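Plus 13 on top of the position in the sequence shown (first one is 1) and you've got the numbering used here.
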Amino acid sequence: MLWILAYYLLASLITFVVYGIDKRRAARRQWRVPEATLQSLAFAGGFPGAFVGRKTFRHKLHKPKFTFMLYAIAMLHGLAWAVYLAM
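This is the structure in structure tokens:
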């Protein structure tokens, strides 16, 4: 079970860093990280890092569809864990 926590922490760290990179690129008007990539990282377990990255970098805060998808991903993870733990 410890390896799962380590996985989530690593995925969150990677996602957090990518949010920072995307925010910096946005400020410099450079090539951006696609939203699909950001959402994929969140889906892969990096959703805690996505939430922290959004708040820290003030990034993607005013995009309702993006926000909805991020919360949906987090709820999906929560539901999957609830089902797993209930077994």
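By construction, the Cβ of each residue, glycine as well, lies at the ideal position given by its N, Cα and C atoms. Bear in mind that the values here come from a model prediction, so they are computed numbers and not experimental data.
Check                                                                                    : Outcome
Proximity below 9 Å, CB of G33 to CB of T80                                              : no
Three or more C-beta pairs below 8 Å linking the region 34 to 44 and the region 77 to 95 : no
Helix, strand or coil at K73 [DSSP, three-state]                                         : coil
Same chain, Cβ closer than 7 Å to H72, neighbours up to 5 away in sequence not counted   : Y32, D35, K36, G66
Burial state of T50, where buried means 16 or more other Cβ atoms lie within 10 Å        : exposed
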